[in-house]
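These notes concern the structure reproduced below.
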Amino acid sequence: MRITYRRADNKEYWTKRWGDIPADLPMENANVYPLKYAQETVRSKNGVILEAGCGAGRILRYYHDRGYNIIGIDFIQGAITKLKKIDPTLKVEVGDITDMQFKDGAFKYILAFGLYHNLDGDNLEKAMRETSRVTEKGGEICASFRADNIQNRLNDWLEAHRSGHKKDDAKDKKFHKMNLTKSEFRKLFEKHGFKIKKVHTVVNMPLLYKFAFFRARDHKVFNENKARKEGYQLSFLGKLITSFLLKFFPNQFCNIYVLIAEKPKH
Ligand SMILES: C[S@@+](CC[C@H](N)C(=O)[O-])C[C@H]1O[C@@H](n2cnc3c(N)ncnc32)[C@H](O)[C@@H]1O
Numbered sequence: 020m021r022i023t024y025r026r027a028d029n030k031e032y033w034t035k036r037w038g039d040i041p042a043d044l045p046m047e048n049a050n051v052y053p054l055k056y057a058q059e060t061v062r063s064k065n066g067v068i069l070e071a072g073c074g075a076g077r078i079l080r081y082y083h084d085r086g087y088n089i090i091g092i093d094f095i096q097g098a099i100t101k102l103k104k105i106d107p108t109l110k111v112e113v114g115d116i117t118d119m120q121f122k123d124g125a126f127k128y129i130l131a132f133g134l135y136h137n138l139d140g141d142n143l144e145k146a147m148r149e150t151s152r153v154t155e156k157g158g159e160i161c162a163s164f165r166a167d168n169i170q171n172r173l174n175d176w177l178e179a180h181r182s183g184h185k186k187d188d189a190k191d192k193k194f195h196k197m198n199l200t201k202s203e204f205r206k207l208f209e210k211h212g213f214k215i216k217k218v219h220t221v222v223n224m225p226l227l228y229k230f231a232f233f234r235a236r237d238h239k240v241f242n243e244n245k246a247r248k249e250g251y252q253l254s255f256l257g258k259l260i261t262s263f264l265l266k267f268f269p270n271q272f273c274n275i276y277v278l279i280a281e282k283p284k285h
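For the sequence shown, the numbering used here gives the first residue as 20, with consecutive numbering after it.
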């Protein structure tokens, strides 16, 4: 377990990030994170889906447009307001994963991409208790978590270097994200009554994407909405290096773990 610190705390970070971009278009590329893993989990239109931490809405809109019964929550008001404006038929509301208003067992599927690593200590425990409470027996969850590994240490080092972050300066010591090893991530869900089906090692945003040189030709000029819709696409060389590292050192060169788990019927 390792904590990543930054200058802005977690809520400030998300407020600014979603304030800077319009609502997402529905995701298009089903071969990349997170849609690929959502599809491995949601296999039927029966039952209600919760997207916890829906952010700018790429997954929520994908399922909503295809007639699934999906509800989205996020703790950033600005993100919810933008989604409601772009599509008033979306079922989306401001909500916090640590304390939800939904009934016990309300959801057959929970999708939670990039959510739990925004929490630490007691809040992470509360979020897990709430998640387990609102999942129906026999229901499934798909969740990702930032990996505690070489790739994310490099990511954090690069970010600190670019922003002039000083390790010992109090103003640079705000909680940003939690990082867990694969076994810590599994244990977190097992402790809260889930049976793990699979944990994938995934590259969401490759480290090399941070350098324009390694990006695909039509991604050279960074456009966050485009990258979120299509996936963070690399050039041939960028892909080659990333897939080599992921093939031979998956736990050290993924940047997130994606877990699929079931809440047992008994
Ligand atoms: C990595 S983003 C993912 C957005 C979306 N799931 C996706 O994959 O495009 C994580 C989201 O979790 C939200 N979030 C963080 N802490 C939260 C909390 N305690 N309750 C609800 N949402 C939270 C953030 O505002 C952010 O939108």
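Yeah, the Cβ is synthetic: ideal placement off N, Cα and C, and Gly gets one too.
Beta-bridge pairing of residue i - partner residues as DSSP gives them
i           : result
residue 165 : 275
residue 246 : DSSP, once it has assigned bridges, lists no residue as partnering residue 246.
Buried versus exposed call for residue i [16 or more other C-beta atoms within 10 Å across all chains shown]
i           : result
residue 93  : buried
residue 240 : exposed
residue 285 : exposed
residue 70  : buried
residue 264 : buried
residue 257 : buried
Residue from the options whose Cα sits closest to the Cα of residue i
i           : options            : result
residue 275 : 61, 133, 64, 128   : 133
residue 168 : 220, 76, 117, 256  : 220
residue 231 : 191, 74, 251       : 251
residue 39  : 27, 97, 181        : 97
residue 135 : 262, 240, 193, 160 : 160
residue 91  : 81, 110, 84        : 110
residue 29  : 273, 236, 192, 201 : 192
residue 123 : 237, 77, 34, 158   : 158
residue 268 : 181, 126, 52, 170  : 170
C-alpha distance - residue i paired with residue j, whole-angstrom precision
i           : j           : result
residue 154 : residue 183 : 43 Å
residue 44  : residue 37  : 14 Å
residue 233 : residue 176 : 19 Å
residue 172 : residue 249 : 26 Å
residue 229 : residue 213 : 35 Å
residue 148 : residue 112 : 20 Å
residue 74  : residue 105 : 14 Å
residue 143 : residue 27  : 19 Å
Proximity test, residue i beta-carbon vs ligand 1 heavy atom, cut-off 7 Å
i           : result
residue 33  : yes
residue 171 : no
residue 92  : yes
residue 85  : no
residue 73  : yes
residue 77  : yes
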